[in-house]
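**Student:**
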Amino acid sequence: MMAFRAKEPVFAEVLGACGRLVAYAHAGVPLTDVLDRPWLERVRYALQLLQITQALSTGPMALYLCDPRPENFAVDDRGKVWIVDAENIILVDSKANGMAQDEHENDGTGCLDCFSFSQEDLCSHATTDHNYFAICK
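This is the structure in structure tokens:
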């Protein structure tokens, strides 16, 4: 995650880590606190979420969000959206041998009105629309 942050600044600054505990710098208010802002401002946040999705999904190492709740994102005082809780992410080497080259499409199979996915499908395909599905769900 720290190496990925150097390429695409989508994660809040990591202050330190020990085992499974990661300390982040304060990155702003939770996304849930700005959901009542004017429509155009919310559109800007939505666009940034889609840009974050694109950044995580492309490249030789893809990161897939497994817990994309609004409280896991923050908005700073300049209106920039950050990922502030990345404890549930799947890392996939899309260049690994044996990866299916067709794009995996997440259709939410397994749960009609909730967020669901197959870890096996994510880890066996070079590309997937999972992050878009996660953000838009």
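Per UniProt numbering, the very first residue in the sequence shown carries number 1; after that it's consecutive. The C-beta atom is built at its ideal place from N, Cα and C for all residues, glycine as well. Quick caveat, the model's predicted, so the values are computed rather than measured.
#1: Determine the direct distance from the alpha carbon of Leu65 to that of Gln48, and round the result to whole angstroms.
#2: Taking Leu21 as part of the beta strand (DSSP E), name the residues at either end of that continuous run.
#3: Comparing alpha-carbon positions, which option in Thr128, Glu87, Phe133 lies nearest Phe11?
#4: Check the DSSP bridge columns for Gly16 and list the partner residues they point to.
#5: Taking the straight line between their C-alpha atoms, what separation do you get for Val43 and Val75?
#6: Using a Cβ-Cβ cut-off of 6 Å (strictly less than) and excluding sequence neighbours within five positions of Ala134, which residues of its own chain qualify?
#7: When we look at the beta-carbon of Val81 and count the other beta-carbons within 10 Å, is it buried (16 or more) or exposed?
#8: Measuring only the C-alpha atoms, how far is Arg37 from Gly79?
#9: Apart from the five residues on each side of it in sequence, which residues of its chain come closer than 8 Å, Cβ to Cβ, to Ala23?
#10: Please state if the CB of Asp93 and the CB of Pro60 are separated by a distance shorter than 8 Å.
#11: Bridge partners of Phe11, per DSSP?
**Tutor:** Judging by the given coordinates:
#1: One C-alpha to the other measures close to 15 Å.
#2: 21 to 24
#3: Glu87
#4: Ala23
#5: 13 Å
#6: Around Ala134: Leu65, Pro68.
#7: buried
#8: Rounded to whole angstroms, Arg37 and Gly79 show a C-alpha spacing of 11 Å.
#9: By the criterion of a C-beta distance shorter than 8 Å, Ala23 is surrounded in its chain by Val14, Leu15, Gly16, Ala17, once the five residues flanking it on both sides are discounted.
#10: In this structure, Pro60 places its C-beta atom within 8 Å of the C-beta atom of Asp93.
#11: Ile83
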